[in-house]
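Take a look at the structure set out below.
There are 2 protein chains.
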Amino acid sequence: MYRLDTYGMRSAQTAATISVLDRYLAILDAVKESERSTSITELATRTNMPKSTVSRLAAGLVDQRFLVRNADGTVGLGLRVFELGARAGLPRRLMTAAAPVMRELWEATGDRVGIWVHHGAEMVSLAAVAGRLPMLPTRAGMRSPALTTASGKAFLAFCADRTVVDRLSAELVPDAASGFRHELDLVRASNVATDAGVAYPGIVAVASPVFSADRTVIGAVSLAGPADSMNAQHAAPLVRAAGLSMSRRLSAA
Amino acid sequence: MYRLDTYGMRSAQTAATISVLDRYLAILDAVKESERSTSITELATRTNMPKSTVSRLAAGLVDQRFLVRNADGTVGLGLRVFELGARAGLPRRLMTAAAPVMRELWEATGDRVGIWVHHGAEMVSLAAVAGRLPMLPTRAGMRSPALTTASGKAFLAFCADRTVVDRLSAELVPDAASGFRHELDLVRASNVATDAGVAYPGIVAVASPVFSADRTVIGAVSLAGPADSMNAQHAAPLVRAAGLSMSRRLSAA
DNA sequence: AGGAGCGTCCCACGGAGTGGGACAGCCGAG
DNA sequence: CTCGGCTGTCCCACTCCGTGGGACGCTCCT
């Protein structure tokens, strides 16, 4: 394993040697990705591994209850991943700090409230409170593109790591990239980012960054509602206040 | 690897060959178990592995963001375990079915409400409400002994798999075991189990089973409060109703 | 400087993981 | 009933990846 393959390997292929861990996690991811429970054969195709290997590895994961085996032979995510996930430090701290604030925001607006953290090219939802009106499936563990969503922009605007922003905006054509930079400037000035139906048509979202004690962004709080009933201008101060409040509570603890 | 060691291995030791997966998961568990973030050396002692091995394996887990590396070199659980955990099927379905009911129960009583599923000799908490936000686990992933807690007894009383009950009650001295069986009979008759300070001193808990569509128990809902301010007799009907309501919602979806 | 602690890296060794293929069970079609 | 196609599992020779003692570099104390 290991990042550098000391001997140059010719030919395309995947190469770069795959460790056992990669295989196990590929299986877990494949299971996660599929909405319902998954058959071994399906996993084999999705992960590009021999069926026999998947069978063996999956059996190991089942033994450890990272997967559960259903009566029909398919597998789903097991209890153990839940136990682990529920203990992940950063999400927990953010969530406990955010919970009461999210609720206040929800009571004040009735719209969908969510908290997000950044990962790669996406934002990962930690928790969401459903709004009263039309619902896109928003739930914990869900991902949304960082570049286009309000929460993503709120995060990126304050992201200290320039390389992250550069890498993401590299996918844009030059003038879109400069427009994007400009937008981030505005976000920095106002502490709120907005998305008016770009990421999800008909839905307006407003988001504000959340900072940890050392003043680095760790996520964003967002408010989203139908374009016709929600007013971004009106919501902005509320969301900004929520972001600030979460940051304060996070530092306090 | 594999369960049966075909050749008898003499001497004590651990033996029984340990697979890579076991090692990885031992590390994850060790990290989970410790409240705060953990050093590599500490993990090495806790898991009984050479430091060098732990370092390498942990690095792999960090690469995959199953662990996060803090500035001081310690590690904690990463975002990825959270993402996985948030998608585990059974907990999710139970939680979404349970959330509104838990909230009602909380509003009616003000006491601590939790839902639990069974695993081995313990009950695992899926979610606990102290605040008003549904779906925000206060202390999810926590474990309690199945034998002594209200939720454990509520589950065991209806557990179709006799071997589970037998195996657990095997640890009791004979007359305690028969007393336990008798108590389970009462639970079956009333649909509620009670624990008055045995598992946790000064705390009274009442629990009721939750059934899936096929009428098998999958967990329990519990209500817990301080012994002096909570009345088990009074709470019982509410908890029983909550259990029924959850079961109904679970079958409906 | 010296020492004690940490985490990482190196690399010869060997056992653990690999996966093609045989196999058994379960359907629905012929 | 028998066939073919579909599952998931098991076997086992081959080999490659994980192993871990020990060297190393680092940061803190004393």
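Line order of the protein sequences matches chains A and B.
Residues 1 to 253 (this note's numbering) make up the first sequence, in order.
Residues 1001 to 1253 (this note's numbering) make up the second sequence, in order.
The C-beta atom is built at its ideal place from N, Cα and C for all residues, glycine as well.
In this text the structure is predicted, and so the values were computed from the model without any measurement.
Mind pulling the chain B residues with CB within less than 8 Å of residue i?
| i | result |
| --- | --- |
| L156(A) | Going along chain B, no residue has its Cβ under 8 Å from L156(A), so there is no contact; the nearest lies around 17 Å. |
| H119(A) | R1065 and L1079 |
Assuming the contact rule is C-beta atoms closer than 8 Å, residue i and residue j should be a hit. Round their C-beta distance to whole Å, please.
| i | j | result |
| --- | --- | --- |
| V1117(B) | G1219(B) | 4 Å |
| V192(A) | V210(A) | About 12 Å separates the two Cβ atoms, so there is no contact after all. |
| A235(A) | L223(A) | 6 Å |
| R1046(B) | A1030(B) | 5 Å |
| T1163(B) | D1195(B) | Contact flag wrong, Cβ pair sits at about 24 Å. |
| V1075(B) | T1038(B) | 6 Å |
| I1160(B) | S1169(B) | Sequence check: residue 1160(B) is Ala here, not Ile. Their Cβ separation, rounded to whole angstroms, is 16 Å, which puts A1160(B) and S1169(B) out of contact at 8 Å. |
| A1146(B) | E1183(B) | Not quite, the Cβ-Cβ distance comes to about 13 Å (not below 8 Å), so this is no contact. |
| S208(A) | R240(A) | 5 Å |
Tell me which residues share the same chain as residue i and place their Cβ nearer than 7 Å to its Cβ, disregarding the 5 neighbours each side in the sequence.
| i | result |
| --- | --- |
| A1108(B) | L1238 |
| Q64(A) | R80 |
| E1033(B) | none |
| M1230(B) | D1111 and V1204 |
| G1120(B) | none |
| M49(A) | R23 |
For a quick check, are the C-beta atoms of residue i and residue j less than 8 Å apart?
| i | j | result |
| --- | --- | --- |
| M1102(B) | V1129(B) | yes |
| A199(A) | S144(A) | yes |
| L1067(B) | P1091(B) | no |
| A97(A) | R249(A) | yes |
| L1094(B) | L84(A) | no |
| L1057(B) | R1023(B) | yes |
| R188(A) | A157(A) | yes |
| A242(A) | L105(A) | yes |
Taking residue i as the query, report the chain A residues whose CB atoms sit under 8 Å from its CB, ordered along the chain.
| i | result |
| --- | --- |
| A1088(B) | G76, L77, G78, L79, V81, F82 and G85 |
| L1147(B) | Chain A residues near L1147(B): none, gap ~19 Å exceeds 8 Å. |
| K1032(B) | E83, L84 and R87 |
Which residues in chain B sit within 7 Å of residue i, going by Cβ to Cβ distance?
| i | result |
| --- | --- |
| P50(A) | The contacting residues do not exist; P50(A) stays about 18 Å from chain B at best. |
| S19(A) | G1060 |
| V124(A) | L1079 and E1083 |
| L25(A) | Q1064 |
Residues in the same chain with beta-carbon distance under 6 Å from residue i, minus the five sequence neighbours each way, listed in chain order, please.
| i | result |
| --- | --- |
| R1132(B) | Because R1132(B) carries a pLDDT of 44, less than 50, the predicted location of this residue cannot be relied on, and the following value inherits that uncertainty. So no residue of the chain qualifies. |
| A1044(B) | K1051 and V1054 |
| G1114(B) | S1125, A1128 and S1222 |
| A1026(B) | T1047 |
| K1153(B) | V1187 and A1193 |
| S1151(B) | W1116, M1123, A1207, A1220 and S1222 |
Residues of chain B with CB under 9 Å from residue i, in chain order?
| i | result |
| --- | --- |
| L37(A) | It is worth fixing the name first, because residue 37(A) is Ser in this sequence and not Leu. Result: G1089. |
| S200(A) | Sequence check: residue 200(A) is Tyr here, not Ser. The premise fails here: Y200(A) is roughly 20 Å from chain B at the closest Cβ pair, so nothing lies under 9 Å. |
Taking residue i as the query, report the chain A residues whose CB atoms sit under 7 Å from its CB, ordered along the chain.
| i | result |
| --- | --- |
| L1028(B) | L84 |
Using 7 Å as the cut-off, classify the Cβ of residue i as near or not near the heavy atoms of the ligand FAD, replying yes or no.
| i | result |
| --- | --- |
| L1223(B) | Summarising the ligand content, the structure contains no ligands, and the ligand FAD is consequently not present. |
With a threshold of 8 Å on Cβ separation, who are the neighbours of residue i within its own chain once the five nearest residues in sequence on each side are excluded?
| i | result |
| --- | --- |
| S212(A) | I218, S247, L250 and S251 |
| G197(A) | I203, V204 and A227 |
| M1142(B) | V1124, S1125 and A1128 |
| E35(A) | none |
Touching by the beta-carbon criterion (3+ pairs, under 8 Å), the segment 50-58 of chain A and the segment 77-89 of chain A:
no
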